[in-house]
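Chemist: Quick one: the structure is below, questions incoming.
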Amino acid sequence: MYRSTQLLQMVEDTIASLPLEREPRGLYDPIRYVLSLGGKRIRPVLMLMAYNLYRDNVEPALMPAVGLEVFHNFTLLHDDLMDHAEVRRGKTCVHLKWDDNTAILSGDNMLALSFKYMMQCHATKMPEVMGIFSKTAIEVHEGQQYDMDFETRYDVTEAEYIEMIRLKTSVLLACALQIGATLADAPKQDADALYRFGECLGLAFQLQDDYLDVYGDPAVFGKKIGGDILCNKKTFMLINALLHASEEDRAELQQWFESKGCNPDEKIKAVTALYTKIGVDRMAKERMGTYYDEAQTYLDKVDLPEQRKQMLHDIALELMGRQK
């Protein structure tokens, strides 16, 4: 089997070789820029890992894996524009480096390219693979709309939030594993178990992202801390803060989130202090652990020797920053 570092290098080499030196430059330069920013490439690597569970040569899954990474980066490009974000992976966001219209059009082209690359799989697998991918793309956009809707609501429940992040984040990890297994002719029950593994891991990963947006190190996190607070995003942190806060703390939270023209740094500092006082940092860590453990139960259901599944165990540990 391949090592994760080998799979990552294969993904990077394939992305670097994509035929993006095209005209008009104003359309393709931002795409090359976004794809050059790196990242964990966790989604394409997961697809190749799932494929490698059943097939030794992962080359047939490389272009679909890259297609999924292009799609993921398209969503980030548009998310940054909608969130008015300034930094992605330590670099200036496309809508600021160029402009809003360029971000929209280049993102649209990335979406089209992702479908083109995903279709570069064996013809007999294409209908099933494209069905999974199309369903996932629709779900991701549904999740993004929920995320936008929640910005103007203060009655968002934890269940609604979990469903939103499942759609916006988790299904893409799950899709990567399911498509990889499908391309490799894995038994359906294995492909379904891998999907659920990715889904639960994605929930844990997104909750960790919520946590790090408040408590992370900007140099490690790759973007400014407190973005969710400034955008009034109804994250797991805010929902549970409002649910568990005293009447006095809840009023102060609502005052900060309803205030106009306040100092951003002061708002981040004050809301973070309230989160810590209420204990939502601990709640988030506990829920991360619950989803992580559930993910492991689904991986255990995959009918393969434990040694063959070890790489997936390892990458889950790495994603959540855990020690063996």
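Counting along the sequence shown from 1, when you hit position 79 you're at 88 in our numbering, and nothing is skipped either side. Even glycine gets a Cβ: it sits at the ideal position worked out from N, Cα and C.
(1) Measuring straight from C-alpha to C-alpha, what distance separates THR101 and VAL20?
(2) Using DSSP with H/G/I as helix, E/B as strand and the rest coil, what is THR101?
(3) State the Cα-Cα distance for the pair ILE24 and VAL75, rounded to the nearest angstrom.
(4) Whole angstroms are fine: how far does the CA of ASP194 sit from the CA of ARG34?
(5) What separation, rounded to the nearest whole angstrom, lies between the Cα atoms of GLU148 and GLN18?
(6) Since LEU216 contacts LEU182 with CB under 8 Å, what's their CB separation in whole angstroms?
(7) My output table needs one value for VAL165: the three-state DSSP class, helix, strand or coil.
(8) Thinking just about the alpha-carbon of each residue, which of ASP274, ARG175, VAL138, ASP108 is nearest to the one in TYR155?
(9) Could you tell me if ASP89 is buried or exposed, where buried requires 16 or more neighbouring beta carbons within 10 angstroms of its beta carbon?
(10) Look at GLY236 and ASP92 and say whether their C-beta atoms are less than 8 Å apart.
(11) Which residues mark the beginning and the end of the alpha helix (DSSP H) in which ARG50 is found?
(12) With DSSP as the reference, please indicate the residues paired to VAL20 in a beta bridge.
(13) So who's on the other strand from VAL96, going by DSSP bridges?
(14) Within the same chain, show all residues whose beta-carbon is closer than 8 Å to that of GLN332, passing over the 5 residues directly before and after it, in chain order.
(15) In the DSSP assignment, the alpha helix (DSSP H) including LEU137 goes from what residue to what residue?
(16) Could you tell me which of MET157, ARG97, HIS81 sits nearest to ASN241, measuring between CA atoms?
(17) Which stretch, first to last residue, makes up the alpha helix (DSSP H) that contains ARG31?
(18) Are LEU36 and LEU114 close, meaning C-beta to C-beta below 8 Å?
(19) Excluding five sequence neighbours on each side, which residues of the same chain lie with their C-beta closer than 8 Å to the C-beta of LYS318?
(20) According to DSSP, is LYS333 helix, strand or coil?
(21) Starting from the C-beta of TYR11, find all residues in its chain whose C-beta is less than 6 Å away, skip the five residues before and the five after it, and write them out in chain order.
(22) Just how far apart, CA to CA, sit PRO227 and MET139?
(23) Let me know the secondary structure DSSP gives ASP65 once reduced to three states.
(24) Does the region 280-290 come within contact of the region 248-267, defined as at least 3 CB pairs closer than 8 Å?
Modeler: From the atom records:
(1) 23 Å
(2) strand
(3) 7 Å
(4) 40 Å
(5) 29 Å
(6) No, LEU216 and LEU182 are not in contact; Cβ-Cβ is about 13 Å, not under 8 Å.
(7) coil
(8) ARG175
(9) buried
(10) yes
(11) Premise fails: ARG50 is in no alpha helix (DSSP H) and is neither H nor E.
(12) BP columns for VAL20 are empty, so no partner.
(13) THR101
(14) Unreliable placement is indicated for GLN332, whose pLDDT of 41 sits below 50; no coordinate value is reported for it.
(15) In the sequence under discussion, the amino acid at residue 137 is Glu, which differs from the Leu named in the question. Run containing GLU137: 135-159, per the alpha helix (DSSP H) assignment.
(16) MET157
(17) Run containing ARG31: none; DSSP gives neither H nor E here.
(18) yes
(19) LEU62, LEU308, VAL311
(20) Because LYS333 carries a pLDDT of 37, less than 50, the predicted location of this residue cannot be relied on, and the following value inherits that uncertainty. Coil at LYS333, not helix or strand.
(21) ASN61
(22) 37 Å
(23) coil
(24) yes
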